[in-house]
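Chains as they are written, first to last, in our numbering: chain A, 1 to 74; chain D, 75 to 367. Step one of this worksheet: look at the structure below.
Written out as structure tokens, the structure reads:
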């Protein structure tokens, strides 16, 4: 390989990628933050179908009966 | 340009500015003026108003509760300036590079901002409840039993229990502003940096931050003013208690003005607040915009 050829090959090679943002870490980080953002909203929506007692008994559970009447009262 | 055309142009301008001027004076200048005036009187509910000079301010600066509340508010402002805005920039930078799902992440980042503070406060008052709260439950599951607290009744931690939801609630606004600003940076600049071998991590402080300097200043000022007006979350979660442990300026103004009926005293607090806001804006602009333009 002549010197000229070496140069040409070196020039054609795309620039080496240095420590780029690891994309998976990016997704993981943002997804965790998204869950953190969505959770209170989801919880509010779910709780809107419960009775007060139900909220205090089992904070996380799905409503036993979906009380759409809460919306009627509101 | 003839004299008449210029005069007509001016009339035109005045006509278009008038509505905004009227609204601005009516809803901004007059109330501020009124607060200034009332802060110099001894107005209480059901009493005649008489002028007392700086009496209220002297009382104020000797009021221990005022300084306790000021400390709480300054902690929140410090959180906003040193944690909230930098974190928003980092998150916005991540969202900017995410590629697939960009619009989804952008929307979710902004989601909390559109929920009413009262609803957020209610949700967190149950999450942080000492007996049934999710947060304590989480600590129990992860084996951090020792960290369990009655978050909303323990004077040592209640300020954090109230401030963190507040910071979280408003951070979306700054994320959105930063994302929009990042979109405005020409792609070529990042490409050129990549050719020079810069990693994306390095581009954040070396390229994004200098270009976004003015946006950062705007966000810092916005964050500080939002923080200094904080009220809803602490009021819903703890009514500012126990004692004044989770009260901010606005909470104290509300308590003094509407619960105790001391409107003059509350006005004096409001005026000091105005001074603090102006001071923060001045300092932030002075420090960060020096040498710009």
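Note that CB positions come from ideal geometry on N, CA and C, so glycine has one too. Predicted, not measured: the structure shown is a model, and the values here were computed from it.
| Query | Result |
| --- | --- |
| Start-end ranges of the alpha helix (DSSP H) lying completely within the stretch 18–49 of chain A, minimum 4 residues | 23–47 |
| Burial state of residue 69 of chain A (16 or more Cβ within 10 Å) | exposed |
| DSSP bridge partner residues for residue 90 of chain D (one or two, in chain order) | According to DSSP, which records beta bridges pairwise, residue 90 of chain D is partnered with nothing at all. |
| C-alpha gap between residue 56 of chain A and residue 312 of chain D, whole angstroms | 18 Å |
| Cβ-Cβ distance between residue 126 of chain D and residue 338 of chain D below 9 Å | yes |
| Alpha carbon of residue 314 of chain D to alpha carbon of residue 308 of chain D, nearest angstrom | 6 Å |
| Burial state of residue 225 of chain D, where buried means 16 or more other Cβ atoms lie within 10 Å | buried |
| Candidates D/190, D/361 and D/276, of which the one nearest residue 295 of chain D by Cα | D/361 |
| Any chain A beta carbon closer than 9 Å to residue 186 of chain D | yes |
| Neighbour flag for residue 353 of chain D against chain A, beta carbons, 9 Å | no |
| Residue 324 of chain D: CB within 8 Å of a non-hydrogen atom of the ligand ADP | In the structure shown, the ligand ADP is absent, as is every other ligand, since no ligand is present at all. |
| CA nearest to the CA of residue 160 of chain D, picked from D/319, D/251, D/140 and D/222 | D/251 |
| Cβ distance (whole Å) where residue 34 of chain A is taken to contact residue 179 of chain D below 8 Å | 7 Å |
| Selected residue, minimal CA-CA separation from residue 359 of chain D, among D/324, D/155, D/282 and D/273 | D/155 |
| Residue environment, residue 82 of chain D, which counts as buried when at least 16 other CB atoms sit within 10 Å | exposed |
| Closest residue to residue 124 of chain D among D/132, D/112 and D/131 (Cα-Cα distance) | D/112 |
| Chain D residues whose Cβ lies nearer than 7 Å to that of residue 29 of chain A | 168 |
| Nearest candidate by alpha-carbon position, reference residue 239 of chain D, set D/266, D/199, D/229 and D/274 | D/199 |
| Contact under 9 Å by Cβ, residue 253 of chain D with residue 285 of chain D | no |
| Below-9 Å beta-carbon distance, residue 76 of chain A vs any chain D residue | With chain A covering only 1 through 74, there is no way to say anything about residue 76 of chain A. |
| Members of the stretch 301–327 of chain D that neighbour chain A once the beta carbon cut-off is set at 8 Å | none |
| Neighbour flag for residue 23 of chain A against chain D, beta carbons, 9 Å | yes |
| CB contact flag (residue 229 of chain D, residue 319 of chain D, <9 Å) | yes |
| Unbroken alpha helix (DSSP H) run spanning residue 280 of chain D, endpoints | Run containing residue 280 of chain D: none; DSSP gives neither H nor E here. |
| Beta-carbon neighbours of residue 182 of chain D, restricted to chain A and to distances below 7 Å | 34, 37 and 38 |
| Continuous alpha helix (DSSP H) assignments of at least 4 residues falling wholly in the stretch 197–240 of chain D | 208–215 |
| Min CB distance residue 165 of chain D to chain A below 9 Å | yes |
| Listed by chain order, chain A residues near residue 189 of chain D by CB distance under 7 Å | 41 |
| Proximity test, Cβ basis, 9 Å: residue 62 of chain A and chain D | no |
| Coarse secondary structure for residue 184 of chain D, derived from DSSP in three states | helix |
| Residue(s) in a DSSP beta bridge with residue 356 of chain D | Bridge partners of residue 356 of chain D: none, in fact. |
| Residue 178 of chain D - DSSP class collapsed to helix/strand/coil | helix |
| Any chain D beta carbon closer than 9 Å to residue 69 of chain A | no |
| Whole-angstrom C-beta distance between residue 233 of chain D and residue 149 of chain D, which should lie under 8 Å | 7 Å |
| Coarse secondary structure for residue 115 of chain D, derived from DSSP in three states | strand |
| Residue from D/95, D/236 and D/249 with nearest C-alpha to residue 187 of chain D | D/249 |
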